[in-house]
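K.L.:
Residues in the sequence shown are numbered from 26 upward in steps of one, following the numbering used here. Pasting in a structure now, in structure tokens, and then I'll have a few things to ask.
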Amino acid sequence: IGDQLNANGKASAADVTEAGMDLYFGDGVPRMADDGLYVIGLAADEKQFNYHYAQLVLGDIYWKGQGMKADKPTGLAWYRKAAGNGNIIALSNLVQYLTVGVGTPKDLGEAAQWADALEARLWQTPSPVMGTAASSPPGEAFAGDEQRSTAAMLVAAVSMIAEHDRARGLYWMDRAGRWGCRECAEVM
Numbered sequence: 026i027g028d029q030l031n032a033n034g035k036a037s038a039a040d041v042t043e044a045g046m047d048l049y050f051g052d053g054v055p056r057m058a059d060d061g062l063y064v065i066g067l068a069a070d071e072k073q074f075n076y077h078y079a080q081l082v083l084g085d086i087y088w089k090g091q092g093m094k095a096d097k098p099t100g101l102a103w104y105r106k107a108a109g110n111g112n113i114i115a116l117s118n119l120v121q122y123l124t125v126g127v128g129t130p131k132d133l134g135e136a137a138q139w140a141d142a143l144e145a146r147l148w149q150t151p152s153p154v155m156g157t158a159a160s161s162p163p164g165e166a167f168a169g170d171e172q173r174s175t176a177a178m179l180v181a182a183v184s185m186i187a188e189h190d191r192a193r194g195l196y197w198m199d200r201a202g203r204w205g206c207r208e209c210a211e212v213m
């Protein structure tokens, strides 16, 4: 982590997360999984950096079993923390998993709550296609319109399935189509 320090002798949350990932996955350094998890955990910890991307990374590691046996409840807990901090990918994951019941019991009520939060983040996140002016949090793990399209499609699905709000569902289906979802555009 020493070379990740800024001029004030402090590392940013993104730098700490990257260093932890390098250790965990052995990217350019010998793999030290326990040390890597510890370092990523520092960036994710609410009393340290409370960094949404580190929380997402831990969610992925545990949920998918990357380098370890999958632990879906722990992965889900980290996704909830990242989603609570506005991470769009974590929000999308929660909406999808809770709507369908993948790796967790189906819970349309909770899925609808996360879909509302996801919808709010979609309004805040800039898009080259839609031309919004808001900025994403530093290190936002949300590169472009493909993920935005998927997120909008999830909001649309939950709106129609869980909340029986066809108008809201069609609105977000249209947005997903504008962001590149061919199937959504064809439905419209």
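For glycine and all other residues, C-beta sits at the position ideal for the given N, C-alpha and C. Quantities reported herein were computed from a predicted structural model and do not represent experimental measurements.
1) Write down the C-beta distance between G128 and W103 rounded to the nearest angstrom, noting that I regard them as a contact closer than 8 Å.
2) One question on the structure: do L81 and I114 come within less than 7 Å of each other, judged by their Cβ atoms?
3) Among residues of its own chain, excluding the 5 on either side of G90, which ones have a beta-carbon nearer than 8 Å to its beta-carbon?
4) Helix, strand or coil, according to DSSP, for A177 in the structure here?
5) Check whether the Cβ atoms of L101 and L143 lie closer than 7 Å to each other.
6) Just mark M198 as buried or exposed, buried being the case when its beta carbon has 16 or more other beta carbons within 10 Å.
7) Roughly how many angstroms separate the alpha carbons of R193 and A182, rounded to a whole number?
8) Could you pull out every residue in the same chain whose Cβ sits closer than 6 Å to the Cβ of L119, ignoring the five residues on either side in sequence?
9) How would you call E71, buried or exposed, if buried means at least 16 neighbouring beta carbons within 10 angstroms?
10) Among Q73, G134, G66, V125, which one has its Cα closest to the Cα of K35?
11) To the nearest angstrom, report how far apart L179 and D141 are at their CA atoms.
12) So M57 packs on L48, CB below 8 Å; how close in whole Å?
13) Buried or exposed for D85, going by 16 or more other Cβ atoms inside 10 Å?
14) Using CA coordinates, which residue listed in A176, R191, H189 is at the minimum distance from C206?
15) Taking the beta carbon of M93 as the centre, do at least 16 other beta carbons fall within 10 Å, making it buried, or is it exposed?
16) Quick check: the Cα distance between R200 and W148, rounded to an integer number of angstroms?
17) Below 8 Å on the Cβ atoms is my contact criterion, and I expect T42 with I65 to pass it. Report the Cβ-Cβ distance as a whole number of Å.
18) Considering only the alpha carbon of each residue, which of G45, V125, H189 lies closest to A79?
P.N.:
The relevant details are as follows:
1) At roughly 13 Å, the Cβ-Cβ gap does not stay under 8 Å, so G128 and W103 are not in contact.
2) Result yes, Cβ atoms of L81 and I114 sit closer than 7 Å.
3) The answer, listed in chain order, is D96.
4) Reduced to three states, the DSSP call for A177 is helix.
5) For L101 and L143, no; Cβs fall outside 7 Å.
6) Per the 10 Å Cβ criterion, buried.
7) Just so you know, the alpha carbons of R193 and A182 end up roughly 10 Å apart.
8) Result list for L119: Y104, A108, W139, in chain order.
9) Within 10 angstroms of the beta-carbon of E71 lie fewer than 16 other beta-carbons, which makes it exposed.
10) Taking only the C-alpha atoms, the option nearest K35 is Q73.
11) If you take the alpha carbons of L179 and D141, they lie about 11 Å apart.
12) With a Cβ gap of about 5 Å, M57 and L48 count as contacting.
13) D85 is buried by the Cβ-count criterion.
14) Looking only at A176, R191, H189, the smallest Cα-Cα distance to C206 is reached by A176.
15) With fewer than 16 other Cβ atoms inside 10 Å of its own Cβ, M93 counts as exposed.
16) One C-alpha to the other measures close to 11 Å.
17) Rounded, the Cβ-Cβ distance is 6 Å, consistent with contact.
18) Minimum Cα distance to A79 is reached at G45.
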